[in-house]
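A.B. asks: So that you can map any letter, position 52 of the sequence shown is 49 in my numbering, and since no number is skipped, the others follow by simple counting. Heads up, the beta-carbon is just placed ideally off N, CA and C, and yes, glycines get one too. I'd like to ask you about the structure that follows.
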Amino acid sequence: MKNSSLWLILQKMRAPFLVIILTYTISIIGLLIIDGADNEGNPYRLTIFDAFYFISYTATTIGFGETPFTFTYPQRIWVSISIFITVTGWFYSLGSLVALLQDKLFLEEFSRAKFRRNIAYLKERYIIILGYNSITSEIIKKANESGLRSVVIERDEEKRNHLLLENFTPPVYCLNADAHNPEALEMAGIKSAYCKAIVSLFENDALNLRIALTSKVLNPNITMAIKSTTKNQTENLMDIGVQIIENPFEIIAEHIHMAINTPQTLKVVRWIYGLCNLYDPPLNLPRGKYIVCGYGRMGKSIYEVLKQNHFEIAFAEIDPKQKEHFTFQEQPKILIGDGDDKEMLKALDIDKCVAIIAGTNDDTTNLSILATAKKLNPKLITIARENELEDFSIFESSNIDTIFIPAKVLINKTINAILNPALDLFIKNIHLLDESTMSTLTKKLLEIDLHPQLFTLKIDASQAYILNERCSTLTLPLSLLRTSLKNRNFTNNLIPLMRIRRKEIMLLPDWQNNLQQNDIYLFAGDDNAHDHVEYIANNIYEFHYALYGEEKSFLNRWKKKIMLSSLKATDV
């Protein structure tokens, strides 16, 4: 049965219902066959309605009196017996009902039925998030801020209670089920036209792969944001057709590569990810010898980048099995032991190193490593991995030069890729711009505001109705969008960062480029510029002023007609 809660009610309450029916039947039949007397002493038998009516209020201990006439003694004897029978039946039934309402299985099925109704009535865009933790909580908050609803599937009851205590607005619907269960995914609305994407950020790569396969089968067109921590997993997800593959350790390793070679580009990328401000100094890592503590998933990614840049590398690893991952030809200096062991750090020549990276999956260990290393070499550049996403960070108070937080990388990567795919594309292609161009771009962005706003505009009927309509008949330059609606002779603080036209990407397009239907533009600007772009794109009067420099009105058209007619008369 689709409605399992109803089936449980029928199953659990079947015996109590039968008991009530049986006790009522026996009591009513007794009243029907026992003779009574009317007010004049004539024999009288109760009708079936009178008997049912009397037993109904007697069995429930209400008691309205004898009806329709005063009972005879035989009737009263039978009523006394019926009271014990029916009241006992009611007590048994009520006890069974209370037990049913406390039954864990029934409560779960009732919750599922309520969840189904909520999803059926949800007529807004939403994403399905698998698992609830500090990372997905931040994703929900950012999605809510952007007008995107969230639906969560979480098996752990304690985590579900934490979600309820968050009191998200608008509310977040949560289903108690396994995230990889196809039935649960269908209940969450993976096939719904309003479902925009599914997000799976579990630490278990095999589980993420299973979810990706299941989701692809249930809805081949669904956008998937899946976490990967190894190259092999990434390749598998690409083969399936996952659009958004998120490997935080690869992203961090790429940031280290940019810090070595293109620090200005890294600053813009980190600003987009929300990890720094534009006015912060660029992260510039020097060349020399590096010590990396921890050869786990992050350590492997960092090792590949440092090796690619021909750095001398030494490893400190607590797990001896990790040493087996190195081949004989490529094996760097690697010692087994605690990274905060002074003697081991000295053996790794810490006095000759320029930087140390604490990249284990334990925050206490990472802090201890860097504290010990700083005592041995005060000039050392310290880089740490922060695993826990907390409101108050000890790392920020520990005078560490650079902190990488995989959780924040995941949050911002997910939000950018789902809510603003153009921004994600810009990050992927930003390496095509040289350092001087990025330095100039940073200065221009800071001239706009300390915290410029990023937004996209697609030239179509839904986002830019007027532009989409006029593009087919007029030649409209991109510079039209930076026109100030307060004074056409001035321009707004607006920078075009990227144009997507028929899947072709152009970075930093020139203002003289013409607008075409279905173009997608990524802009950086202030609030005023954003508002004016929206007005020009969708308001015929603002568009007319920006293009011609005059208000669009009937009076202006009438004046033009008079001027044209007068010119024709002069010519004659």
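With a threshold of 16 other CB atoms inside 10 Å of the CB of Arg294, please say whether the residue is buried or exposed.
C.D. replies: Mapped onto the sequence shown, residue 294 falls at position 297. Label assigned to Arg294: buried.
A.B. asks: What number of angstroms, rounded off, separates the C-alpha of Leu429 from the C-alpha of Ile402?
C.D. replies: As a first step, residue 429 is located in the sequence shown; it is residue number 432 there, counting from the start. As a first step, residue 402 is located in the sequence shown; it is residue number 405 there, counting from the start. Those two C-alpha atoms are separated by around 26 Å.
A.B. asks: Could you check how far apart the C-beta atoms of Ala414 and Leu386 are, in whole angstroms? I think they sit under 8 Å.
C.D. replies: As a working mapping, residue 414 is identified with position 417 in the sequence shown. As a working mapping, residue 386 is identified with position 389 in the sequence shown. Not a contact, Cβ separation roughly 19 Å.
A.B. asks: Do Thr453 and Asn511 count as a contact pair if the criterion is CB distance below 7 Å?
C.D. replies: Within the sequence shown, residue 511 is the residue found at index 514, counting from 1. Within the sequence shown, residue 453 is the residue found at index 456, counting from 1. Not closer than 7 Å, so no.
A.B. asks: Under the three-state reduction of DSSP, which class applies to Lys286: helix, strand or coil?
C.D. replies: Within the sequence shown, residue 286 is the residue found at index 289, counting from 1. In the structure shown, Lys286 sits in a strand (DSSP, three-state: E or B).
A.B. asks: Keeping to the same chain, check which residues put their C-beta closer than 8 Å to that of Asn164; ignore five residues upstream and five downstream.
C.D. replies: Here residue 164 refers to the residue found at position 167 of the sequence shown. Excluding residues within five positions, none has a Cβ falling inside 8 Å.
A.B. asks: Do Ser197 and Ile223 have their CB atoms nearer than 7 Å?
C.D. replies: On the sequence shown, residue 197 is found 200 positions in, with the first residue counted as 1. On the sequence shown, residue 223 is found 226 positions in, with the first residue counted as 1. Yes, they are a contact pair.
A.B. asks: Taking Tyr123 as the reference, which of Ala250, Val148, Lys455 has the closest Cα?
C.D. replies: Within the sequence shown, residue 123 is the residue found at index 126, counting from 1. Comparing Cα-Cα distances from Tyr123 to each of Ala250, Val148, Lys455, the minimum goes to Val148.
A.B. asks: Cβ atoms of Ala352 and Tyr287: under 7 Å apart, would you say?
C.D. replies: For the purposes of this step, residue 287 is identified with residue 290 of the sequence shown, where counting begins at 1. For the purposes of this step, residue 352 is identified with residue 355 of the sequence shown, where counting begins at 1. Contact flag set, yes.
A.B. asks: Could you check which residue in Cys192, Leu367, Ile30 has the C-alpha nearest to that of Pro217?
C.D. replies: Within the sequence shown, numbered from 1, the residue matching residue 217 stands at position 220. Ranking Cys192, Leu367, Ile30 by Cα distance to Pro217 puts Cys192 first.
A.B. asks: Ordered along the chain, which non-local residues of its own chain (more than five positions away) have a Cβ less than 6 Å from that of Ile126?
C.D. replies: Residue numbering aside, residue 126 sits at position 129 when the sequence shown is read from its first letter. Counting only Cβ-Cβ distances below 6 Å, and skipping sequence neighbours, we find Thr133, Ser147, Val149, Val196.
A.B. asks: For Leu407, collect the residues of the same chain with a Cβ closer than 8 Å to its Cβ; drop the 5 residues on either side in sequence, then sort them by chain order.
C.D. replies: Translated into the one-based positions of the sequence shown, residue 407 becomes position 410. Only Ile132, Leu198, Lys224, Glu243, Pro245 meet the Cβ criterion.
A.B. asks: What ranges does the beta strand (DSSP E) occupy inside the stretch 381 to 443, keeping only unbroken runs of at least 3 residues that lie completely in it?
C.D. replies: DSSP runs (the beta strand (DSSP E)) wholly in the stretch 381 to 443: 399 to 401.
A.B. asks: Quick test of your reading: His529 and Asn486, contact by CB under 8 Å. State the CB separation rounded to the nearest angstrom.
C.D. replies: Position 532 of the sequence shown holds residue 529. Position 489 of the sequence shown holds residue 486. Contact flag wrong, Cβ pair sits at about 14 Å.
A.B. asks: Who are the Cβ neighbours of Ile82 in its own chain at under 8 Å, not counting the five residues just before and after it?
C.D. replies: The count along the sequence shown starts at 1 and reaches residue 82 at position 85. Contacts found: Thr20, Ile23, Ser24.
A.B. asks: To the nearest angstrom, how far is the alpha carbon of Phe325 from that of Glu314?
C.D. replies: Taking the sequence shown and counting its residues from 1, one reaches residue 325 at position 328. Taking the sequence shown and counting its residues from 1, one reaches residue 314 at position 317. For Phe325, the predicted model reports a pLDDT of 41, less than 50, meaning its position is unreliable; a value from the coordinates is still stated below. So the alpha carbons of these two residues sit roughly 17 Å apart.
A.B. asks: Pair every Cβ in the stretch 417 to 433 with every Cβ in the stretch 256 to 276, then say whether three or more of these pairs are closer than 8 Å.
C.D. replies: yes
A.B. asks: In chain order, what are the residue ranges of uninterrupted beta strand (DSSP E) at least 3 long that sit wholly in the stretch 136 to 219?
C.D. replies: 146 to 150, 170 to 172, 192 to 197
A.B. asks: So, under 8 Å CB-CB, Asp360 and Asn384 are touching, yes? Tell me the CB distance rounded to an integer number of Å.
C.D. replies: Translated into the one-based positions of the sequence shown, residue 360 becomes position 363. Translated into the one-based positions of the sequence shown, residue 384 becomes position 387. Sure, about 5 Å apart at Cβ, within 8 Å.
A.B. asks: Along the chain, where does the beta strand (DSSP E) that runs through Ile366 open and close?
C.D. replies: On the sequence shown, position 369 is the one that residue 366 refers to. Per DSSP, Ile366 belongs to no beta strand (DSSP E); it is in the alpha helix (DSSP H), 360 to 373.
A.B. asks: Excluding the 5 residues preceding and the 5 following Ile80 in the sequence, name in chain order all residues of the same chain whose CB lies nearer than 7 Å to its CB.
C.D. replies: Your numbering for residue 80 matches position 83 in the sequence shown. If we look at Ile80 and ignore the five residues flanking it on each side, its Cβ neighbours are Thr55.
A.B. asks: Should Val95 be labelled buried (16 or more other beta-carbon atoms within 10 Å of its own) or exposed?
C.D. replies: Sequence index remark: in the sequence shown, residue 95 carries index 98 (1-based). Exposed is the call here.
A.B. asks: On the premise that Ile17 lies in contact with Trp87, defined as a C-beta separation below 8 Å, what is that separation, rounded to the nearest angstrom?
C.D. replies: Translated into the one-based positions of the sequence shown, residue 87 becomes position 90. Translated into the one-based positions of the sequence shown, residue 17 becomes position 20. About 7 Å separates the beta carbon of Trp87 from that of Ile17, a gap short enough to meet the 8 Å contact definition.
A.B. asks: If you reduce the DSSP assignment to three classes, tell me which class Pro474 lands in.
C.D. replies: For this step, residue 474 is matched to residue 477 along the sequence shown. Note: Pro474 maps to strand in three-state DSSP.
A.B. asks: If you run the structure through DSSP and keep just helix, strand and coil, what is Phe312?
C.D. replies: Here residue 312 refers to the residue found at position 315 of the sequence shown. Strand at Phe312.
A.B. asks: Would you mind reading off the limits of the beta strand (DSSP E) that contains Met495?
C.D. replies: The sequence position of residue 495 within the sequence shown is 498, counting from 1. Its beta strand (DSSP E) spans residues 491 to 498.
A.B. asks: Look up Phe452 in the DSSP assignment and give the residues it is bridged to.
C.D. replies: Within the sequence shown, the letter at position 455 stands for residue 452. Phe452 has Phe520 as its beta-bridge partners, per DSSP.
A.B. asks: For Thr83, name the three-state secondary structure that DSSP assigns.
C.D. replies: For the purposes of this step, residue 83 is identified with residue 86 of the sequence shown, where counting begins at 1. Helix at Thr83.
A.B. asks: Just to confirm my understanding: we take Gln409, look at its own chain, exclude 5 residues before and 5 after, and list those with CB closer than 6 Å. What are they?
C.D. replies: Stepping through the sequence shown from its first residue, residue 409 is reached at position 412. One detail in the question is off: residue 409 reads as Asn in this sequence, not Gln. Same-chain partners within the cutoff: Tyr270, Gly271.
A.B. asks: Who are the Cβ neighbours of Met495 in its own chain at under 6 Å, not counting the five residues just before and after it?
C.D. replies: Sequence index remark: in the sequence shown, residue 495 carries index 498 (1-based). Its chain contains Phe423, Leu504, Leu519 as the residues whose beta carbon lies nearer than 6 Å to that of Met495, once the 5 sequence neighbours on both sides are disregarded; these appear in chain order.
A.B. asks: Helix, strand or coil for Phe325 per DSSP?
C.D. replies: Taking the sequence shown and counting its residues from 1, one reaches residue 325 at position 328. Reliability of the predicted coordinates at Phe325 is poor, the pLDDT of 41 falling under 50, and the value obtained from them is presented with this limitation in mind. Looking at Phe325 - three-state DSSP - the assignment turns out to be coil, as it is neither helix nor strand.
A.B. asks: Tell me, to the nearest whole angstrom, how far the beta carbon of Gln514 is from that of Asp457; I am working on the premise that it is less than 8 Å.
C.D. replies: Along the sequence shown, one-based indexing puts residue 514 at 517. Along the sequence shown, one-based indexing puts residue 457 at 460. The pair is a contact, with the Cβ atoms about 7 Å apart (cut-off 8 Å).
A.B. asks: DSSP on Tyr70, reduced to helix/strand/coil?
C.D. replies: Here residue 70 refers to the residue found at position 73 when the sequence shown is read from its first residue. Looking at Tyr70 - three-state DSSP - the assignment turns out to be helix.
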